[in-house]
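Take a look at the structure set out below.
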Amino acid sequence: MDENRRIAAVEEIPDDTTFLFTIRNGFDEEEAVLVEADDDIRAWKNYCQHWTDVRLDKGDGASMRDGELVCGKHGALFESDSGVCTYGPCEGAVLDEVDVTVEDGAVYLTDPDYEFVQQGSSIEYDLSSNRSLGFE
Ligand code: FES
């Protein structure tokens with residue numbers, strides 16, 4: 057496995073929340089999250105399917121309930137193993153998947169569309185702009 061594509065050790069992935077990391081496609085950086093799902097590790101892009109400017113993991117782990125990721129904005133639930141939204145305004149939509157694989161106790165990015173950048177976020181968020189507030 058390519059060590060440049062090593063995201064994290066399996067034991068670093070929390071049981072009850074997500075592990076944030078940054079990937080790059082060309083010049084575009086994006087965030088994704090690792091999540092434990094039935095003894096497997098899956099990776100999803102870090103945004104809700106209802107409003108794609110809303111992050112599921114804001115830097116300290118996404119909320120989870122009974123094995124589902126919870127969007128904090130309007131409460132959509134996404135199955136951690138399939139990415140399917142089971143409840144909420146985007147019910148039936150599916151999170152965008154990023155391909156990863158586990159080998160020798162570590163998780164590697166295997167998605168050919170992306171390079172691994174780093175653990176956590178490298179993306180700057182403008183916390184002073186409440187651009188979503190007008191639509192609530
Ligand atoms: S933005 Fe996630 S449920 Fe509305």
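All the letters of the sequence shown, read from the start, carry residue numbers 57 to 192 under the working numbering.
Glycine included, every Cβ here is placed at the ideal spot set by N, Cα and C.
Between G23 and D94, what straight-line distance do the alpha-carbon atoms span, to the nearest angstrom?
-> No information on residue 23 is available, as it lies outside the stretch 57 to 192 that the chain covers here.
Find the nearest neighbour of T153 within the set E135, G176, E68, judged by alpha-carbon distance.
-> With the sequence shown as reference, residue 153 is identified as Glu, and Thr is not the correct amino acid for it. Checked all of E135, G176, E68; the closest Cα to E153 is E135.
Leaving out five residues before and five after I97 in sequence, what residues of the same chain have Cβ atoms less than 8 Å from its Cβ?
-> Around I97: V66, I69, L90, V91, V156, V158, V163.
Determine the DSSP secondary structure at V173, reduced to helix, strand or coil.
-> Here V173 sits in strand by DSSP.
For T166, collect the residues of the same chain with a Cβ closer than 8 Å to its Cβ; drop the 5 residues on either side in sequence, then sort them by chain order.
-> Cβ within range, chain order: R61, D155, V156, T157.
State the DSSP-derived secondary structure class of E147, mapped to helix, strand or coil.
-> The answer is coil: DSSP assigns E147 none of H, G, I, E or B.
If you measure from the CB of A132, is any heavy atom of the ligand FES nearer than 6 Å?
-> Under cutoff, so the answer is yes.
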